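Line order of the protein sequences matches chains A and B.
Just remember that this note's numbering sits 49 ahead of the position in the first sequence, which is counted from 1.
Just remember that this note's numbering sits 49 ahead of the position in the second sequence, which is counted from 1.
Ideal Cβ placement from N, Cα and C applies to all residues, glycine included.
Predicted model only: the values in this text are computed from it and were never measured.
There are 2 protein chains.
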Amino acid sequence: MKIYEKSLNEMKKIVARYTEQTIDFEIEKTVSEIIQNVAQNGDQAVRDYERKFDNVNLADFSIPAFQLDQALDSIDEDLRAALELAKQNITSFHKQEIENSFVDVSTPGIMRGEKITPLASVGLYVPGGTAAYPSTILMCGIPAKLAGVKRVVMVTPPQPAGINPAVLAAAKLAGVDEVYQVGGAQAIAALAYGTETIPAVDKIMGPGNIFVATAKKQVFGKVAIDMVAGPSEIGILADESANAKEIAADLLSQAEHDKRARAMLITNSKSLAEAVSKEIERQLSTLPRQEIARTSIEDRGFIAVMENTAEMFELMNDVAPEHLEVQLKNPTQYLGLIKNAGSVFLGRYASEPLGDYVAGPNHVLPTGGTARFASPLGVYDFVKRTQFIQFDQQNLKADLKAITKLARTEGLEAHARAIEARFDKED
Amino acid sequence: MKIYEKSLNEMKKIVARYTEQTIDFEIEKTVSEIIQNVAQNGDQAVRDYERKFDNVNLADFSIPAFQLDQALDSIDEDLRAALELAKQNITSFHKQEIENSFVDVSTPGIMRGEKITPLASVGLYVPGGTAAYPSTILMCGIPAKLAGVKRVVMVTPPQPAGINPAVLAAAKLAGVDEVYQVGGAQAIAALAYGTETIPAVDKIMGPGNIFVATAKKQVFGKVAIDMVAGPSEIGILADESANAKEIAADLLSQAEHDKRARAMLITNSKSLAEAVSKEIERQLSTLPRQEIARTSIEDRGFIAVMENTAEMFELMNDVAPEHLEVQLKNPTQYLGLIKNAGSVFLGRYASEPLGDYVAGPNHVLPTGGTARFASPLGVYDFVKRTQFIQFDQQNLKADLKAITKLARTEGLEAHARAIEARFDKED
Numbered sequence: 050m051k052i053y054e055k056s057l058n059e060m061k062k063i064v065a066r067y068t069e070q071t072i073d074f075e076i077e078k079t080v081s082e083i084i085q086n087v088a089q090n091g092d093q094a095v096r097d098y099e100r101k102f103d104n105v106n107l108a109d110f111s112i113p114a115f116q117l118d119q120a121l122d123s124i125d126e127d128l129r130a131a132l133e134l135a136k137q138n139i140t141s142f143h144k145q146e147i148e149n150s151f152v153d154v155s156t157p158g159i160m161r162g163e164k165i166t167p168l169a170s171v172g173l174y175v176p177g178g179t180a181a182y183p184s185t186i187l188m189c190g191i192p193a194k195l196a197g198v199k200r201v202v203m204v205t206p207p208q209p210a211g212i213n214p215a216v217l218a219a220a221k222l223a224g225v226d227e228v229y230q231v232g233g234a235q236a237i238a239a240l241a242y243g244t245e246t247i248p249a250v251d252k253i254m255g256p257g258n259i260f261v262a263t264a265k266k267q268v269f270g271k272v273a274i275d276m277v278a279g280p281s282e283i284g285i286l287a288d289e290s291a292n293a294k295e296i297a298a299d300l301l302s303q304a305e306h307d308k309r310a311r312a313m314l315i316t317n318s319k320s321l322a323e324a325v326s327k328e329i330e331r332q333l334s335t336l337p338r339q340e341i342a343r344t345s346i347e348d349r350g351f352i353a354v355m356e357n358t359a360e361m362f363e364l365m366n367d368v369a370p371e372h373l374e375v376q377l378k379n380p381t382q383y384l385g386l387i388k389n390a391g392s393v394f395l396g397r398y399a400s401e402p403l404g405d406y407v408a409g410p411n412h413v414l415p416t417g418g419t420a421r422f423a424s425p426l427g428v429y430d431f432v433k434r435t436q437f438i439q440f441d442q443q444n445l446k447a448d449l450k451a452i453t454k455l456a457r458t459e460g461l462e463a464h465a466r467a468i469e470a471r472f473d474k475e476d
Numbered sequence: 050m051k052i053y054e055k056s057l058n059e060m061k062k063i064v065a066r067y068t069e070q071t072i073d074f075e076i077e078k079t080v081s082e083i084i085q086n087v088a089q090n091g092d093q094a095v096r097d098y099e100r101k102f103d104n105v106n107l108a109d110f111s112i113p114a115f116q117l118d119q120a121l122d123s124i125d126e127d128l129r130a131a132l133e134l135a136k137q138n139i140t141s142f143h144k145q146e147i148e149n150s151f152v153d154v155s156t157p158g159i160m161r162g163e164k165i166t167p168l169a170s171v172g173l174y175v176p177g178g179t180a181a182y183p184s185t186i187l188m189c190g191i192p193a194k195l196a197g198v199k200r201v202v203m204v205t206p207p208q209p210a211g212i213n214p215a216v217l218a219a220a221k222l223a224g225v226d227e228v229y230q231v232g233g234a235q236a237i238a239a240l241a242y243g244t245e246t247i248p249a250v251d252k253i254m255g256p257g258n259i260f261v262a263t264a265k266k267q268v269f270g271k272v273a274i275d276m277v278a279g280p281s282e283i284g285i286l287a288d289e290s291a292n293a294k295e296i297a298a299d300l301l302s303q304a305e306h307d308k309r310a311r312a313m314l315i316t317n318s319k320s321l322a323e324a325v326s327k328e329i330e331r332q333l334s335t336l337p338r339q340e341i342a343r344t345s346i347e348d349r350g351f352i353a354v355m356e357n358t359a360e361m362f363e364l365m366n367d368v369a370p371e372h373l374e375v376q377l378k379n380p381t382q383y384l385g386l387i388k389n390a391g392s393v394f395l396g397r398y399a400s401e402p403l404g405d406y407v408a409g410p411n412h413v414l415p416t417g418g419t420a421r422f423a424s425p426l427g428v429y430d431f432v433k434r435t436q437f438i439q440f441d442q443q444n445l446k447a448d449l450k451a452i453t454k455l456a457r458t459e460g461l462e463a464h465a466r467a468i469e470a471r472f473d474k475e476d
C-alpha cells in the first residue's frame with residue numbers, strides 16, 4: 050500500500066477528488082426515451098423493456114405477500130436471528146431521529162408552527178444478483194416505517210432462479226408493503242410516473258447501475274430521490290496505540306466491495322504505517338475477493354504519515370469519508386474535530402462492519418466527499434414539513450405598513466392590496 | 050375565472066399536473082460545456098462568459114463589504130424598518146428549527162449517537178432585474194446563519210446601473226459574507242467548482258432561468274442543491290363564511306407573479322364561487338401587473354365547487370399547493386387533514402403576503418406538487434448529520450455471530466474477518 054510522507058498542503062492536493070464532469074448524452078437520451086415511454090404506455094412499456102433487457106416475459110410483475118412470508122420461514126435460523134437482531138437495533142437507534150411538530154404562541158393573537166407529515170409512499174431499488182444486500186433493505190425500510198410511510202415499495206430485477214429468499218425475508222422484516230420484479234431505468238420510470246400495476250411513489254432511493262442512476266437524476270423534481278451513491282470508502286485515523294492487523298482488516302473490508310472502493314489510513318506513526326502495509330499484503334493473499342480488494346488498495350488506497358493529530362483531522366475532513374474510524378487513544382475526545390464523515394467508529398471494538406450490520410445506525414451513507422453536505426439515511430428522509438400561521442386582526446394591522454412597503458419595493462402591488470383589503474372602510 | 054362543478058374524480062383528473070418529461074439536450078450540452086470550462090479555467094472562463102452573455106467586462110467580480118454597509122445606510126427608513134421587522138420574525142421562527150445532536154448510552158458499554166454539523170459554506174443565486182427580491186435574501190441567509198454556516202455567498206448577474214441597493218442591504222442584514230456579480234450557468238459552475246476569486250461552496254440554492262436550473266441539476270452530487278423552483282401557486286379552501294373580496298385579492302397576489310402562476314379556489318359554496326369570480330374581474334382591471342395576472346387566472350386558475358369539506362381537502366392534497374389558505378370557520382381544526390402543502394394560512398387575517406414578508410416562516414417553498422415530498426427552506430437545509438458508535442469488547446463479542454453470518458450471506462468475507470481479528474487467540 051502506498052505510503053506518503055508529505056506536507057499537509059501536498060497531501061490535500063493528492064486527496065482532492067477527481068472532479069471532471071462526465072455526462073454521457075447517449076445514455077441520457079436512451080434513459081429519457083425509456084422514461085417517456087413508460088410514462089405514456091405504462092405496464093406494456095415496462096413489459097417490453099423487461100423482455101429486451103432482462104430477457105424475461107412477465108405476465109405479472111408483482112410478488113404476492115405470501116412469498117415474503119414463505120421466504121422468511123425458509124431462511125436458516127442463524128440468518129433469521131441475525132436479521133432480527135439488526136432490525137431491533139436499527140429500530141432503537143432510528144426512533145431517536147423522529148422529529149416533532151412545533152407550535153409557537155408566544156405572541157398573543159399569533160400562532161406560528163411547523164408540522165411533520167410522513168411521505169405517503171417511497172420506492173426502494175434493490176439491484177439484482179450478488180449486489181442485492183438484505184441488510185440494505187432493513188436500513189431503508191425500517192426508518193421509512195418509523196417515519197409513518199404507508200406504502201413502502203421495493204423493485205428489483207427479475208432473476209433466473211427467482212428473487213433471493215434472503216432479500217424477500219429482509220423485505221418482510223423491514224415492513225415492505227409491495228414488491229415488483231422490475232429493474233433498470235424502466236423500474237425508476239414506473240415508480241416516478243406509475244403504471245397500471247405499480248402506483249407512483251413520492252420518493253425513490255437505492256443504488257443501481259448507470260441507467261438506474263441516470264433515470265433517478267432525470268425524474269428528480271417529479272419525485273424526490275436520495276443521493277447518487279458512489280463506491281464505498283473507509284478512512285482510518287490511527288496512532289501508535291492501534292493494532293496494525295485490525296486496521297489492515299478494516300481497510301480490506303471496504304476494499305473488497307469494489308475495485309473503485311477507497312481505503313485510506315492517516316497516521317502520525319511511521320512504524321504503524323509500515324506494519325499496516327505489510328499486514329495488508331499478508332491478509333490479501335487469502336481473501337476470496339482478493340482481485341477486487343487488491344485493485345482497490347493499489348489504485349486508490351493510501352497511507353499518509355502526518356506530523357500530528359491536528360493535521361490528521363484536517364486532512365481527513367478534506368477527504369470527507371463515508372466511514373471514519375478513529376483508532377486513537379481516548380477517541381471520543383476528538384468528536385468535535387470531525388466535520389465531514391458519514392459514520393464514525395470510535396476505538397478498537399467499533400470495527401466498521403459492526404456498523405454495516407447490527408449496531409443500529411444506518412449504513413446508507415454519503416460517499417464521494419458528499420459528507421461535506423449530506424447525511425446518513427434516516428427517519429428525516431421520509432417526512433416533510435408544512436408551516437402554518439394564524440394572525441388576528443390587530444397583529445395583521447401592526448404589520449400592515451411593513452408588508453405593503455416590502456411588496457411595493459418588489460413591484461408586487463397585488464400583494465399589498467391583499468393585506469389592505471382586510472382593512473377597507475366599506476366593510 | 051373558470052368555475053367547475055364536477056365530481057371529485059373528475060376534478061382529480063383536471064388538477065393532475067402535466068407530467069411530460071421535457072429535457073432540452075441542446076441546453077444540457079451548452080450548460081455542460083460552460084461547467085467544464087469554468088471548472089478547468091476558473092476566473093478567465095467566467096469573465097469570458099460574462100462578456101458574451103451579460104455584455105460586461107469585469108476586472109473583479111467581488112463586491113467589497115463596505116458597499117453592503119453603504120447600501121444599508123442608503124435605503125429609506127420605512128424599507129429599513131420593514132426589513133428589520135422581517136429579520137426579527139424570521140429569526141425567532143427559524144430558531145425553533147435548530148436541531149440537537151443526540152447520544153444513546155442506554156446499553157452499558159455501547160455509545161451510539163448522531164451529531165449535527167453546519168455546512169461550511171453555501172451559495173445563493175439571486176436573479177437580476179425585477180426578480181431580485183430582497184425578502185428572499187433574508188429567507189435564505191438567516192436560516193443559514195442560524196444553522197452556523199460560516200461562509201454565506203451570494204451571486205447575482207451584473208446590472209447596468211449596479212446591483213439594486215435593496216438587494217445589497219438585505220444581504221447585509223441577512224449576514225451574507227461574500228457577494229459576486231456573476232450570473233447564469235457560469236455562476237453555478239463557479240460556486241460548484243470554485244475559481245481563483247470565488248471559492249467553491251457545499252450547497253447552492255435560489256431560483257434562476259433555464260440555464261441556471263440546468264446547471265444546478267448538472268452539478269448536483271458535486272455539491273448539494275435545493276429543489277428546482279416552479280411558478281408560484283396559491284390554493285384557497287373557503288366556505289360561505291369567507292369574504293369574496295379578500296379571497297379574490299389573495300388569488301391575484303399569486304397570479305401577479307408569473308403568467309404560469311396558479312391560483313385555485315376550492316369551496317363548497319356556489320354563491321362564494323360566483324362572487325369571487327366577479328371580484329377577480331373587478332380587481333384585475335386596476336392592477337399594474339394586470340396582463341400577467343389575467344393570463345395566469347385565465348389559463349391556469351380555477352374555482353372548484355365540491356360537495357363537502359372532506360372532498361375539498363382530498364382534492365387540495367392532490368394539488369399539493371405551495372401556499373394554502375384555509376378560509377373556513379374554525380380553521381385550526383383542519384390542520385390534521387392537510388397532508389401536502391408548503392405553508393398554510395389559517396383564517397381571514399392570515400393573508401398569503403403576510404407570510405411572504407414578515408410573519409417569520411419561510412417563503413422559499415415547494416412548488417409544482419413537490420409539497421408531496423419537499424419542505425419549506427429551513428435551518429435543517431444548512432446542516433448535515435454524522436453518526437457515531439463506540440463499543441466495548443464484550444458488546445462486540447455478543448454481536449460477532451450475527452455480524453459474521455450476515456457478512457458471509459452477502460459474500461463479504463473480509464467484513465467477517467475484520468470482526469474476528471479482534472478475537473484472534475494469538476493477541
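Notebook entry, point to check: Given that a residue counts as buried once 16 or more other Cβ atoms are within 10 Å of its Cβ, and exposed if not, what is A/Q376?
Noted result: When all chains shown are included, A/Q376 counts as buried.
Next item on the list: Assign B/D299 to buried or exposed, taking buried as 16 or more other Cβ atoms, counted over all protein chains shown, within 10 Å of its Cβ.
Entry: Burial state of B/D299 is buried, judged by a 10 Å Cβ sphere holding 16 or more other Cβ atoms.
Checklist line | beta strand (DSSP E) segment containing A/Y229, residue limits | finding: First-last of the beta strand (DSSP E) with A/Y229: 227-229.
Next item on the list: Count the other CB atoms, across all protein chains shown, that sit within 10 Å of the CB of A/S123; report buried if there are 16 or more and exposed otherwise.
Entry: It counts as exposed.
Notebook entry, point to check: Which residues of chain E have a Cβ atom closer than 9 Å to the Cβ of A/Y229, listed in chain order?
Noted result: Absent here is chain E; the protein component of the structure consists of chains A and B.
Item checked: Length of the line joining the Cα atoms of B/N213 and B/P176 -> Distance between the alpha carbons of B/N213 and B/P176: 11 Å.
Checklist line | Residues that DSSP places opposite B/P497 in a beta bridge | finding: The structure shown does not extend to residue 497 of chain B, since chain B is modelled only from 50 to 476, so the question has no answer here.
Next item on the list: For the beta strand (DSSP E) holding B/A353, just list the boundary residues, first then last.
Entry: Under the DSSP assignment, B/A353 falls in the beta strand (DSSP E) whose first and last residues are 351-354.
Notebook entry, point to check: Does the beta carbon of B/Q439 sit closer than 8 Å to a beta carbon anywhere in chain A?
Noted result: Output row for B/Q439: interface = yes.
Checklist line | C-alpha distance - A/D97 paired with A/I253, whole-angstrom precision | finding: Going from the Cα of A/D97 to the Cα of A/I253 covers about 22 Å.
Margin query: Going by beta-carbon coordinates alone, are A/I84 and A/Y174 separated by less than 8 Å?
Written below: Not closer than 8 Å, so no.
Next item on the list: Could you check the C-alpha separation between B/K266 and A/S81 for me, to the nearest Å?
Entry: Going by the C-alpha atoms only, they are around 15 Å apart.
Note to self: So, under 8 Å CB-CB, B/L373 and B/V354 are touching, yes? Tell me the CB distance rounded to an integer number of Å.
What the structure shows: B/L373 to B/V354, Cβ: 18 Å. No contact.
Next item on the list: Could you list which residues in chain B have their beta carbon closer than 9 Å to that of A/G404, in chain order?
Entry: Correct list: Q436, I438.
Next item on the list: Give a yes or no on whether the C-beta atoms belonging to A/A420 and A/G391 are separated by under 8 Å.
Entry: In contact: A/A420 and A/G391 (Cβ atoms closer than 8 Å).
Notebook entry, point to check: Along chain B, which residues have their Cβ under 7 Å away from the Cβ of A/V277?
Noted result: Result: G270.
Notebook entry, point to check: Where do the N-terminal and C-terminal ends of the alpha helix (DSSP H) with B/V64 fall, by residue?
Noted result: Per DSSP, B/V64 belongs to the alpha helix (DSSP H) from 57-64.
Next item on the list: Determine, using beta carbons only, whether A/E282 comes closer than 8 Å to chain B.
Entry: No, A/E282 lies away from the interface with chain B (no Cβ there is under 8 Å from its Cβ).
Check: CA-CA distance, A/V368 and A/G418?
Finding: Near 6 Å, if we compare the C-alpha coordinates of A/G418 and A/V368.
Notebook entry, point to check: Would you call the CB atoms of B/P425 and B/L414 closer than 8 Å?
Noted result: Against a cut-off of 8 Å, the Cβ pair of B/L414 and B/P425 comes out as a contact.
Notebook entry, point to check: From B/P380 to A/Q145, what does the alpha carbon distance come to, in whole angstroms?
Noted result: Roughly 32 Å between the two C-alpha positions.
Check: So which residues on chain A does B/G391 lean against when the C-beta distance must stay under 8 Å?
Finding: For a Cβ distance threshold of 8 Å, residue set T435, Q436 of chain A lies close to B/G391, ordered along the chain.
Check: Can you list the alpha helix (DSSP H) stretches of 4 or more residues lying completely in the segment 323-349 of chain A, in chain order?
Finding: If one requires a minimum length of 4 residues, the alpha helix (DSSP H) runs lying completely within the segment 323-349 of chain A are 339-349, in chain order.
Next item on the list: Can you grab the Cα-Cα spacing for the pair A/D109 / A/V201, in whole Å?
Entry: C-alpha separation (whole angstroms): 19 Å.
Next item on the list: Flag B/K252 as yes if its beta-carbon sits less than 8 Å from any beta-carbon of chain A, otherwise no.
Entry: For B/K252, the answer is yes, since a Cβ of chain A falls inside 8 Å of its Cβ.
Checklist line | Contact belief for B/P206 with B/G172 at Cβ below 8 Å, rounded distance in angstroms | finding: Between B/P206 and B/G172, the beta carbon gap of about 14 Å keeps them out of contact (Cβ cut-off 8 Å).
Notebook entry, point to check: Does the Cβ of A/A359 lie closer than 7 Å to at least one heavy atom of the ligand HEM?
Noted result: Only the bare structure without any ligand can be found here, which leaves the ligand HEM out of the picture.
Next item on the list: Rounded to whole angstroms, what's the CA-CA distance from A/N246 to B/I296? Just pull it up for me.
Entry: The question names Asn, yet the displayed sequence has Thr at residue 246 of chain A. A direct Cα-Cα distance of roughly 41 Å separates A/T246 from B/I296.
Notebook entry, point to check: Any idea what DSSP makes of A/H412, helix, strand or coil?
Noted result: Reduced to three states, the DSSP call for A/H412 is coil.
Note to self: With a threshold of 8 Å between beta carbons, is A/Y398 in contact with chain B?
What the structure shows: Under the 8 Å criterion on CB atoms, A/Y398 is classed as interfacial with respect to chain B.
Notebook entry, point to check: Could you give the residue range of the alpha helix (DSSP H) that holds A/V80?
Noted result: Per DSSP, the unbroken alpha helix (DSSP H) holding A/V80 starts and ends at 74-102.
Check: Can you give the beta carbon distance from B/S400 to A/A467, rounded, assuming they're within the 8 Å contact cut?
Finding: With a Cβ gap of about 5 Å, B/S400 and A/A467 count as contacting.
Notebook entry, point to check: Grouping DSSP H, G and I as helix and E and B as strand, with all else coil, what is A/T316?
Noted result: Secondary structure at A/T316: strand, using DSSP grouped into helix, strand and coil.
Next item on the list: Under the assumption that B/H412 contacts B/M188 (Cβ atoms under 8 Å), give the Cβ distance between them as a whole number of angstroms.
Entry: About 5 Å separates the two Cβ atoms, so the contact holds.
Margin query: Quick check on the burial criterion: 16 or more other C-beta atoms within 10 angstroms. Buried or exposed for A/S56?
Written below: Note on A/S56: under 16 other CB atoms within 10 angstroms of its CB, so exposed under the neighbour-count rule.
Next item on the list: For the segment 291-309 of chain A, enumerate the residues whose C-beta is nearer than 8 Å to any C-beta of chain B, in chain order.
Entry: Of all residues in the segment 291-309 of chain A, those with a C-beta nearer than 8 Å to a C-beta of chain B are N292, K294, E295, A298, D299, L301, S302, A304, E305, H306, reading in chain order.
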